[in-house]
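Chains as they are written, first to last, in the numbering used here: chain A, 33 to 438; chain B, 33 to 438.
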């Protein structure tokens, strides 16, 4: 007889996790990276140097550098953010987190109560939408066009919220390689967003974890770099650029805010080996590494786009991303991507249904997010072919497959 | 002008963190380990092998082994727990956590609501007491003697709770090298605790993170090993045995419970490098490593005990610990260790005041926890000497110092 824990568990817990059954044969979900691009041996070589020099720090919580995390890594991040985004950053205002996800959880936990409102891009990271729902927070989507969140739409939403007597807790934005639209917000809109946040007196939470994965050119200045009043909380990550398995991200905020978030981080610090390895690896290698990774990802994006065109034809509408790891696809109105996700999953193809990636689930119903960073090119082609077969079987579209009229 | 975040932060947040100012000259707090015992180079050498073989897994969240964590590490933990504690464990019922602290947070979050009650040893880990207070949970202390939690006292507490109509959410226990009493609960009491938990239908949360640090003999069977009904949730850690900086712990529970805890772990997994390094290092090296570490810690404990005797004489009462990293000291009734902690801190000596380490703060008022794992032996002697000076200056005791009558 098993002890029944049910009466002891909180009644409002999420549903139980399922057993992990391995990844789908064609894995087009999640933030997985290109396996061949992970600089594993170089990270270990860097780590060996640090540990040989500084290994005794492992005997201390926080590596003797306090709760913010390993100081040399924070110093590198500060330099990198200034060089790449024009954002002067004090290493004392950087908190190392377990991926940017922990940063997101800390910000949400510190600011949000049930019934609160958050403003965000109307298509959005499913993990943030589900977090906000779990917290009982209302989110209001703002239309995204090819240039990211529309500032006229943001102004309308803010005015409407104010008219309704609501002060949103923050504007959550992914300005560079927005998830899932892959759009990039230009500098004028960034300035406009900050101006609107000023006008309405509302913080901005800027999530920048894809920003180093633009195919070409420099990443735009961060919104936080335009702000001299500490109104923007910023998060970034090495997950998408070096390796997701490292689980190393960071929050940047003025000390007045960061010092309030820190007591919510009760895990005794993040993994030391990742912090040490990155601190030693990045100064000499990060720039060249991300330059190479961008080209690899761009080539995979082109493979994915070509496969979508080949197997879906005009049935699949999408904008070619300027960077990142995913394409946001719109299918004809008769397609329900929740149903497609189930059927495709049964056929070994994992995709993200748009309903989970949109503030208005019904808007996402005919849309899907498809990630291309992890599968090899042949897998991308084969997987999209199979997805098209499944879609045709379920919904009658695409009409043709593999350039052959059905 | 700075943006004022105050109206946007939850009103019930903990106080702001302070800036880290470095450790005290004599650091007798925290779970820091012996720096010379950290097997840094060996961990890196192990990691190099795994990454060379399996480095591509870093491209995946969860290293392709799902949310429970890196499978080879879970397999090692399962083997180790069976060998060392007689606890057959399924690697599918082990969740890798960021230290045992994250495991504790997951259990607390899943089971506890404000107003709930937890039963625990009456002197206890300050971090768990502060977590429970933050959650608005009542805790009821059960007397600890030289053999750990007294089972007659536990029976009385459980009966009294039942009479009051209260069903405690769980019994939290650190049965082996209890924090801070350093006591070890023998097998008969473990069986009695399980029997009482059965009788009252209450779960047990067994925290075993010091269990491999007994100076001599085998660690006792875990309470969970006596339980065939899944009533015990168990946590362990490599922090105290390999290195705190690694932040690698684990939860063990039947799937019915573990699957409810897992969705609360929203960080996308724990650091991969630590998991890989430990999985490769431990099978060949863990046993010899902890055997050596135990002797090192025992020698430091003896140094600490000798220093306490030398500088405090009969003023300091304590039991010599059978393992672990701390000694629980009782001072005369006129001493207030909150005040002593402040004065000692100003003099460069960090200690844990007993009020933070006792369910009844007033019981802890004349007591303190003093950790000996991190400082070198001369630092232990010098730090205790300075502590005795401060104590004498503040409270007039000890009367003699350095064997010289004042």
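In this text, a Cβ means the ideal position worked out from N, Cα and C, and glycines have one as well.
Whole-number beta carbon distance between residue j and residue i, since they are thought to touch under 8 Å
i: residue 296 (chain A); j: residue 253 (chain A); result: The pair is not a contact, with the Cβ atoms about 29 Å apart (cut-off 8 Å).
i: residue 62 (chain B); j: residue 307 (chain B); result: That belief does not hold up - the Cβ atoms of residue 62 (chain B) and residue 307 (chain B) are roughly 23 Å apart, past 8 Å.
i: residue 356 (chain B); j: residue 214 (chain B); result: 5 Å
i: residue 79 (chain B); j: residue 309 (chain B); result: 4 Å
i: residue 430 (chain B); j: residue 417 (chain B); result: Going by Cβ atoms, the distance from residue 430 (chain B) to residue 417 (chain B) rounds to 11 Å, so no, they are not a contact pair.
i: residue 234 (chain B); j: residue 200 (chain B); result: 6 Å
i: residue 133 (chain B); j: residue 159 (chain B); result: 7 Å
i: residue 176 (chain A); j: residue 155 (chain A); result: 6 Å
i: residue 299 (chain B); j: residue 279 (chain A); result: 7 Å
i: residue 358 (chain B); j: residue 412 (chain B); result: In fact, because the Cβ distance is near 12 Å, the residues do not count as touching under 8 Å.
i: residue 294 (chain B); j: residue 99 (chain B); result: 6 Å
i: residue 302 (chain B); j: residue 130 (chain B); result: 5 Å
i: residue 180 (chain B); j: residue 224 (chain B); result: Contact flag wrong, Cβ pair sits at about 11 Å.
i: residue 35 (chain A); j: residue 263 (chain B); result: 4 Å
i: residue 335 (chain A); j: residue 69 (chain A); result: No, residue 335 (chain A) and residue 69 (chain A) are not in contact; Cβ-Cβ is about 15 Å, not under 8 Å.
i: residue 261 (chain A); j: residue 33 (chain B); result: 6 Å
i: residue 258 (chain B); j: residue 226 (chain B); result: 5 Å
Range of the contiguous alpha helix (DSSP H) that encloses residue i
i: residue 373 (chain A); result: 369-378
i: residue 287 (chain B); result: 287-293
i: residue 222 (chain A); result: 219-232
i: residue 334 (chain A); result: 304-344
i: residue 237 (chain A); result: Taken as a continuous stretch (DSSP letters only), residue 237 (chain A) belongs to no alpha helix (DSSP H), being part of the beta strand (DSSP E) at 236-239.
i: residue 418 (chain A); result: 409-427
i: residue 107 (chain A); result: 103-117
i: residue 255 (chain A); result: 255-258
i: residue 393 (chain B); result: 393-396
Endpoints, beta strand (DSSP E) assigned at residue i
i: residue 82 (chain A); result: Element bounds for residue 82 (chain A): not the beta strand (DSSP E) but the alpha helix (DSSP H), 72-86.
i: residue 279 (chain B); result: Looking at the DSSP string, residue 279 (chain B) is not in any beta strand (DSSP E), and its letter there is neither H nor E.
i: residue 400 (chain B); result: 399-403
i: residue 268 (chain B); result: 264-269
i: residue 362 (chain A); result: 358-362
Under 8 Å by beta carbon: chain C residues contacting residue i
i: residue 171 (chain B); result: Annotation note: the requested chain C is absent from the structure, which comprises protein chains A and B.
- Which residues, taken in chain order from the region 301-328 of chain A, show a beta carbon closer than 9 Å to some beta carbon of chain B? 301, 302, 303, 304, 305, 306, 307, 308 and 309
- Going along the chain, which residues of the region 213-247 of chain A sit with their C-beta nearer than 7 Å to a C-beta in chain B? 235
- Query: At what residue ranges does the region 126-210 of chain A contain a whole run of the alpha helix (DSSP H), taking only runs of 4 or more?
  - Reply: 131-143, 158-166 and 183-195
- Message: Could you check whether the region 229-242 of chain B touches the region 263-270 of chain B, counting it as contact only if at least three pairs of C-beta atoms, one from each stretch, sit closer than 8 Å?
- Response: yes
- Would you call the region 385-402 of chain A and the region 316-334 of chain A in contact, with 3 or more CB pairs under 8 Å? The region 385-402 of chain A, when compared against the region 316-334 of chain A, does not touch it at the 8 Å Cβ threshold.
- Query: Contact between the region 341-348 of chain A and the region 189-200 of chain A: three or more CB pairs below 8 Å?
  - Reply: no
- Query: Closer than 7 Å, Cβ to any Cβ of chain B: which residues of the region 73-93 of chain A, in chain order?
  - Reply: 73, 76, 79, 80, 83, 84, 87, 88, 89, 90, 91, 92 and 93
- Between the region 363-371 of chain A and the region 34-51 of chain A, are three or more C-beta pairs nearer than 8 Å? no
- Message: I'd like to know if the region 123-140 of chain A and the region 158-166 of chain A are in contact, where contact means that at least 3 CB-CB pairs between them fall below 8 Å.
- Response: yes
- Item | Interfacial residues, the region 200-213 of chain A to chain B, with Cβ spacing under 9 Å | 201 and 202
- Query: What residues from the region 134-161 of chain A come within 7 Å of chain B, judged by C-beta to C-beta, listed N to C?
  - Reply: Those residues of the region 134-161 of chain A that come within reach of chain B (Cβ to Cβ, closer than 7 Å) are 134, 137, 142, 143 and 145.
- How do the region 168-177 of chain B and the region 223-232 of chain B stand: do at least 3 beta-carbon pairs fall below 8 Å, yes or no? no
- Message: Any C-beta of chain B within less than 7 Å: which residues of the region 335-350 of chain A qualify?
- Response: none
- Contact set between the region 257-274 of chain B and chain A, restricted to residues whose Cβ is under 7 Å from the partner: Listed by position along the chain: 261, 262 and 263.
- Mind checking the region 370-399 of chain A against chain B and listing, in chain order, the residues whose C-beta falls within less than 9 Å of any C-beta there? The residues in question: there are none.
- Task: Decide yes or no for the touch test of the region 82-91 of chain A against the region 59-75 of chain B: beta carbon pairs closer than 8 Å, at least 3 of them.
- Result: yes
- Message: Does the structure place the region 369-388 of chain B close enough to the region 52-61 of chain B that three or more beta carbon pairs sit under 8 Å?
- Response: yes
- Quick one: which residues of the region 100-114 of chain B get their C-beta closer than 8 Å to a C-beta of chain A? List them in chain order. Contact annotation: in the region 100-114 of chain B, residues whose CB is within less than 8 Å of a CB in chain A are 100.
- Item | Interface residues of the region 42-53 of chain A facing chain B [CB-CB below 8 Å] | 42, 45, 46, 47, 48, 49, 50, 51 and 52
- Contact set between the region 183-195 of chain B and chain A, restricted to residues whose Cβ is under 8 Å from the partner: none
- Query: Looking at chain A, which residues of the region 57-74 of chain B have a Cβ within less than 8 Å of any of its Cβ atoms?
  - Reply: Cβ contacts with chain A: 62, 63, 64, 65, 66, 67, 68, 69, 70, 72 and 73.
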